[in-house]
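Protein chains in written order, with this note's numbering: chain C, 25 to 347; chain V, 25 to 347.
Down below is the structure, laid out as structure tokens.
Protein chains: 2
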Amino acid sequence: MKVAIIGGHGFLGQRLAKRLLQKGEAVGPDGALQPIDELILIDQVAPEAPLEGVTTIIGDVAEPGFFDRALGDDVTSVFHLAAIVSSAAEADFDLGMRVNLDATRALLELCRAMPIAPRLVFTSSVAVFGNAPPMIEDDTPALPLSSYGTQKVIGEYLVNDYSRKGYLDGRCLRLPTVVIRPGKPNRAASSFASSILREPLQGEMAICPVDTGLSLWIQSPRVVVENLIHAHDLATDAWSDGARILNLPGLTVTVAEMIEALARASGDTSLIRHEPDAEIARIVGSWPGAMNTPRATRLGFSKDETIDAIVAAFRQEELGGAR
Amino acid sequence: MKVAIIGGHGFLGQRLAKRLLQKGEAVGPDGALQPIDELILIDQVAPEAPLEGVTTIIGDVAEPGFFDRALGDDVTSVFHLAAIVSSAAEADFDLGMRVNLDATRALLELCRAMPIAPRLVFTSSVAVFGNAPPMIEDDTPALPLSSYGTQKVIGEYLVNDYSRKGYLDGRCLRLPTVVIRPGKPNRAASSFASSILREPLQGEMAICPVDTGLSLWIQSPRVVVENLIHAHDLATDAWSDGARILNLPGLTVTVAEMIEALARASGDTSLIRHEPDAEIARIVGSWPGAMNTPRATRLGFSKDETIDAIVAAFRQEELGGAR
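Shown next, in the form of structure tokens:
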């Protein structure tokens, strides 16, 4: 089978690719495990360190005709992770619409044109909830207060309807904030949530733009990747019509609790500079800090147990246990 | 002020135009009543009987650049009623996407480009609810089971986000099934709901494709038009961010109760031929039959009192009281 990862050079895409290479197989259209014959990574930028054993395609996913040129009609599965992140989509509305909405539609159209409807895993976000109640339930309506959240919820509805029509076999996951994201800060409004742990653990300064009382709903990169593959491999009939959109389980932590975990891991908490940013505080503050996710739990999705375990895994996996 | 009605030659558009001409004024950008200087009706087809005192523009709303050519940049208010209806959008997915999604986006982009953000009233539908619970509440999540419902809910989210960004001042109304729609049957899955009253009242045969126990959530054309204007005229701060989408009040009737009302109005119920249609029954059966709409009531939206009053008004207004 042929598997494509759109946004394959981002940190989640790279991690997902490594895990798929390691497993060597995934569930195919007939519902049985099949060997992965080709793994295609598509992104607008080149990978930092190219992975061996993958096909690399660089290009602008929002350019008309891009997907038709980049992918054949024999793709079995697509993981669609590519997005303009929250603060960037808020700052550049047209860019967000082009990538988060138009490119998603182009991808869905390509899937529809394939002779065998592929499985598609679409990453949405808890950003679809704006000024949400303190506890989000499986059936809480999405009312985003950001263009990013709006574009994500529209993507979910499209994937849902294309699936209902039989054009593809879609699964939408609303991801928690991913902590600890390795690499550099990006333009996700939640970028600080990784920075305040990642940078001090490496002896560098980090900026915290929000109140330390803010609650976040988080999941580690390792658990996100396991959940992406789990969503892909689940049987089609686990995703009934109108129920292809799923809130993932997660862990509630306050910013203060993250800083306490940093201290326990011997990180220097004085490296965090508190610089309030009203716009970031507004966007992140409108996202849910806690969710009740019985449906995802019933379907076998997993969550992290503690923030300390997430910090320990980051030190082990990304810092080589050196600090 | 300059008011445009997209879909202005449909029966609701024509009725809305007449009512606006009669009133002669509407609430302008400053929040005060202003005279309507120009009323522009846009549609793909010519009107059956052209209205005096309006500007008529015929064209394909989904054609790129159409709105830029058809409308200036000085439009104060837009009523967007144009749509490919439910069964037609289900039968021709691409046509539905082109008109219900792409044309709506093009219209929103034109509004965004105007120097003064116009008021926009967007007609959505109870079709956004699929396999809904027996009673829909103001915060019941939309999970459509039709492409029409999907396209409408996407339109709502776009109007909501464009409004939040200040690109326009949008108001989305989820309309009940409109009964009694005059004219001929159309490709709305709910078209039978008008036919089974309208045709027999005129001595003609009608087809009923659903079980008579089916409950419908209905509103008369007169009340729909009053609610469209009410939505337009309401102050901007009645429509807070993320709350620009409204379930309208309505009346719950079963198909059997409609047929009983027909009998009371001296209509010949033997003119209704019962021919079950599984696809129509599936689509309409997934829509809500009852809704609890405290928010709309608080905002001053109105509803019909009885099905008999709706039948009487139709006979008076459309049949000239002749039958």
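All C-beta atoms in this analysis are idealised placements derived from N, C-alpha and C, irrespective of residue type, glycine included.
Query - Sequence-distant residues of its chain with Cβ nearer than 7 Å to D97/V (five each side left out) - result: Position 73 of the second sequence, counting from 1, holds the residue named residue 97/V. Taken in chain order, the residues that qualify are A137, M138, P139.
Query raised in the report: Going along the region 94-118 of chain V in order, which residues come within less than 7 Å of chain C, judged by CB to CB distance?
Result: F117
Requested in this report: Would you decide whether V69/V is buried or exposed? Buried here means 16 or more other CB atoms lie within 10 Å of its CB.
Outcome: In the second sequence, the residue the question calls residue 69/V occupies position 45. Classification for V69/V: exposed.
Query raised in the report: Where does the unbroken alpha helix (DSSP H) through Q38/V begin, and where does it stop?
Result: On the second sequence, residue 38/V is found 14 positions in, with the first residue counted as 1. Taken as a continuous stretch (DSSP letters only), the alpha helix (DSSP H) holding Q38/V covers 35-47.
**Report entry** Per DSSP, the bridge partner or partners of P59/V
**Finding:** Start at 1 with the first residue of the second sequence, and residue 59/V comes out as number 35. Partner(s): E49/V.
Requested in this report: Sort L295/C, V102/C, L57/C, G89/C by Cα distance to I30/C and report the nearest one.
Outcome: Position 6 of the first sequence, counted from the first residue, corresponds to residue 30/C. Of L295/C, V102/C, L57/C, G89/C, the residue nearest in Cα terms is V102/C.
Query raised in the report: Does DSSP classify G120/C as helix, strand or coil?
Result: What you label residue 120/C is simply residue 96 of the first sequence in a count that begins at 1. Note: G120/C maps to helix in three-state DSSP.
Query raised in the report: Residues of chain C with a CB under 7 Å from the CB of T330/V: which are they?
Result: Here residue 330/V refers to the residue found at position 306 of the second sequence. Within 7 Å Cβ-Cβ: nothing; T330/V doesn't reach chain C, min ~32 Å.
Query - Residue interval of the beta strand (DSSP E) (run including A230/C) - result: In the first sequence, residue 230/C corresponds to position 206, counting from 1. Run containing A230/C: 230-232, per the beta strand (DSSP E) assignment.
**Report entry** Per DSSP, the bridge partner or partners of I81/V
**Finding:** Here residue 81/V corresponds to residue number 57 of the second sequence, with the count starting at 1. Beta-bridge pairing links I81/V to I66/V.
Query raised in the report: What did DSSP end up calling R306/V once you bin it into helix, strand or coil?
Result: Residue numbering aside, residue 306/V sits at position 282 when the second sequence is read from its first letter. If DSSP states are grouped into helix, strand and coil, R306/V belongs with the helices.
**Report entry** Runs of alpha helix (DSSP H) wholly within the region 193-276 of chain C (minimum 4 residues, chain order)
**Finding:** 215-225, 245-257
Report task. Name the one or two DSSP bridge partners that I30/C has. Result -> The residue you call residue 30/C lines up with position 6 of the first sequence. For I30/C, which the question treats as bridged, DSSP gives the partners I66/C, H104/C.
Requested in this report: Inspect the beta-carbon positions of T128/V and G179/V and report whether they are closer than 8 Å.
Outcome: If you number the second sequence from 1, residue 128/V lands on position 104. If you number the second sequence from 1, residue 179/V lands on position 155. It is a contact, given that the beta carbons lie within the stated cut-off.
Report task. Kindly indicate the opening and closing residues of the beta strand (DSSP E) around F146/V. Result -> The residue given as residue 146/V occupies position 122 in the second sequence. Here the beta strand (DSSP E) through F146/V covers 143-149.
Query - Contacting positions in the region 167-180 of chain V - beta carbon closer than 9 Å to chain C - result: L167, P168, L169, S170, S171, G173, T174, Q175, V177, I178
Query raised in the report: What residues of chain V sit near D84/C, judged by a beta carbon separation below 8 Å?
Result: As a position in the first sequence, residue 84/C is number 60, starting the count at 1. Here the premise fails: no neighbours, minimum Cβ distance about 20 Å.
Query raised in the report: Any residues in the region 302-327 of chain C with a beta carbon nearer than 7 Å to a beta carbon of chain V? Which ones, in chain order?
Result: none
Requested in this report: For H298/C, count neighbouring C-beta atoms within 10 Å of its own C-beta (all shown protein chains included) and say buried if the count is 16 or more, exposed if not.
Outcome: Position 274 of the first sequence, counted from the start, is the residue given in the question as residue 298/C. Burial call: exposed.
Query - Residues near F216/V by beta carbon distance below 6 Å, same chain, minus five either side - result: On the second sequence, residue 216/V is found 192 positions in, with the first residue counted as 1. For F216/V, where only same-chain residues beyond five positions count, the Cβ hits under 6 Å are C232, P233.
Query raised in the report: Around the C-beta of M229/V, are 16 or more other C-beta atoms found within 10 angstroms, so that it is buried, or is it exposed?
Result: Locating residue 229/V in the second sequence gives position 205, where the first residue counts as 1. Counting Cβ neighbours within 10 Å, M229/V comes out exposed, since fewer than 16 surround it.
Query raised in the report: When the cut-off is 8 Å and only beta carbons count, does R347/V lie next to chain C?
Result: Working through the second sequence from its first residue, we reach residue 347/V at position 323. Legend: pLDDT at R347/V = 48, less than 50; position of this residue unreliable, no value from coordinates given.
Report task. Go ahead and pull the three-state DSSP assignment for R347/V. Result -> Taking the first residue of the second sequence as 1, we reach residue 347/V at position 323. For R347/V, the pLDDT reaches just 48, beneath the cut-off of 50, and the residue's location in the model is therefore unreliable, leaving the point undetermined.
Query raised in the report: Are the region 62-80 of chain C and the region 30-44 of chain C in contact at 8 Å, needing three or more beta carbon pairs?
Result: yes
Requested in this report: Please work out which residues of its chain come closer than 8 Å, Cβ to Cβ, to N316/C, disregarding the five sequence neighbours upstream and downstream, and give them in chain order.
Outcome: One-based indexing of the first sequence puts residue 316/C at position 292. These residues qualify, in order along the chain: M159, I160, E161, D162.
Query raised in the report: From N124/V to E133/V, what distance separates their C-alpha atoms?
Result: Taking the first residue of the second sequence as 1, we reach residue 124/V at position 100. Taking the first residue of the second sequence as 1, we reach residue 133/V at position 109. Between N124/V and E133/V, the C-alpha separation is close to 15 Å.
**Report entry** Host beta strand (DSSP E) of I296/C (start-end)
**Finding:** As a working mapping, residue 296/C is identified with position 272 in the first sequence. Residues 296-298.
**Report entry** Contacts around A255/V, its chain only, beta-carbon distance under 6 Å, and the 5 residues preceding and following it disregarded
**Finding:** By one-based count along the second sequence, residue 255/V stands at place 231. Same-chain partners within the cutoff: V145, R195, L197.
Requested in this report: For the alpha helix (DSSP H) containing D92/V, list its first residue and its last residue.
Outcome: Taking the first residue of the second sequence as position 1, residue 92/V is located at position 68. Note, D92/V: alpha helix (DSSP H), 90-94.
Report task. List the residues of chain V whose Cβ lies closer than 9 Å to the Cβ of P165/C, in chain order. Result -> Position 141 of the first sequence holds residue 165/C. By Cβ distance, chain V contributes D163, T164, P165, A166.
Query raised in the report: Which residues bound the alpha helix (DSSP H) around I178/V?
Result: Locating residue 178/V in the second sequence gives position 154, where the first residue counts as 1. 171-188 is the span of the alpha helix (DSSP H), which, as asked, contains I178/V.
Query - Partners in chain V for K189/C, counting only beta-carbon separations shorter than 8 Å - result: Within the first sequence, numbered from 1, the residue matching residue 189/C stands at position 165. Chain V residues near K189/C: F117, S171.
Query raised in the report: Along chain C, in chain order, which residues have C-beta atoms closer than 9 Å to that of D292/V?
Result: Along the second sequence, read from residue 1 onward, the residue named residue 292/V stands at position 268. By Cβ distance, chain C contributes nothing, its closest Cβ being about 40 Å from D292/V, past 9 Å.
Query raised in the report: Across which residues does DSSP place I140/V in a beta bridge pair?
Result: Indexing the second sequence from 1 puts residue 140/V at position 116. None; I140/V has no bridge partner.
Requested in this report: Kindly indicate which residue of K208/C, A166/C, S214/C, D118/C has the alpha-carbon position closest to the one of S110/C.
Outcome: Taking the first residue of the first sequence as position 1, residue 110/C is located at position 86. Answer by Cα proximity: S214/C.
Report task. Anything in the region 61-92 of chain C with a Cβ closer than 7 Å to a Cβ of chain D? List those residues in chain order, please. Result -> Among the chains of the structure shown, chain D does not appear; the protein chains present are C and V.
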